[in-house]
Each structure stands twice: as C-alpha cells, then as structure tokens.
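First up is the structure itself, then whatever we jot down about it.
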Amino acid sequence: SRYFEEAGVQTYLDQLGFNTAGYGCMTCIGNSGELPDAVTKALKESEIVAAAVLSGNRNFEGRVHPMTQANFLASPPLCVAYALAGTID
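My numbering numbers the first residue of the sequence shown as 1 and each following residue consecutively.
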C-alpha cells in the first residue's frame with residue numbers, strides 16, 4: 001500500500017472504497033466481512049463459482065470468504081484492476 005501512497009493514488013482509491021483495512025491474516029477465512037444476502041443466496045442456488053483476487057502469500061479455497069471457491073494471487077494494483085473490472089475473465 002505504500003507504493004499507492006507514494007504514487008499519489010491512495011486518496012483516489014479511498015474515494016472508490018479501496019481502503020487498506022489490514023494485512024496478513026486479517027483477511028483470512030472470511031475476516032474480510034460478509035457477502036450481501038442476495039449474493040450468498042445466488043451462490044447457494046446456482047452453480048456460480050465465486051472468485052477472489054488477493055495480494056497475499058497463501059491461496060486456498062475459502063481464504064477470503066467461505067463462499068469463494070476460486071482465489072487468485074496478484075499484486076495490489078492488479079487486485080484493484082480486477083475489482084474495477086468486476087470479473088476475472
């Protein structure tokens with residue numbers, strides 16, 4: 001996150017909701033928060049595979065949330081890019 005600050009973009013990322021909430025295990029095993037009820041319902045009632053892109057050092061199913069089955073490691077700027085795109089494909 002320091003390079004976001006040094007590049008002068010952290011203020012703009014904050015305005016978009018991309019705040020640094022923590023590092024390491026803070027985001028592990030669902031500590032990143034709950035999914036909206038409508039999303040949880042859609043995942044349970046369909047064959048949709050929820051994905052997450054994270055800038056961590058470990059990758060396993062459910063790392064970000066128990067409902068995420070596909071998790072990908074990327075640099076912080078790529079995590080933001082995927083989030084803005086709204087898709088991993």
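Even for Gly, the Cβ is constructed at its ideal location relative to N, Cα and C.
task: Measure the C-alpha to C-alpha separation of P66 and A7 and round it to an integer number of angstroms.
output: 34 Å
message: Assuming N132 and R63 are in contact, meaning their beta carbons sit under 8 Å apart, how far apart are those beta carbons, in whole angstroms?
response: Missing from the structure shown is residue 132; the chain here goes from 1 to 89 and no further.
task: Decide if L54 is buried, meaning its Cβ has at least 16 other Cβ atoms within 10 Å, or exposed.
output: buried
query: For the beta strand (DSSP E) that V53 lies in, which residues bound it at each end?
result: A50 to L54
- prompt: Excluding sequence positions up to five away, which residues of its chain have a Cβ less than 7 Å from the Cβ of L43?
  reply: A50 and M67
- request: Mind reading off the beta-carbon distance from F4 to L13? Whole number of angstroms is fine, and I expect it under 8 Å.
  value: 6 Å
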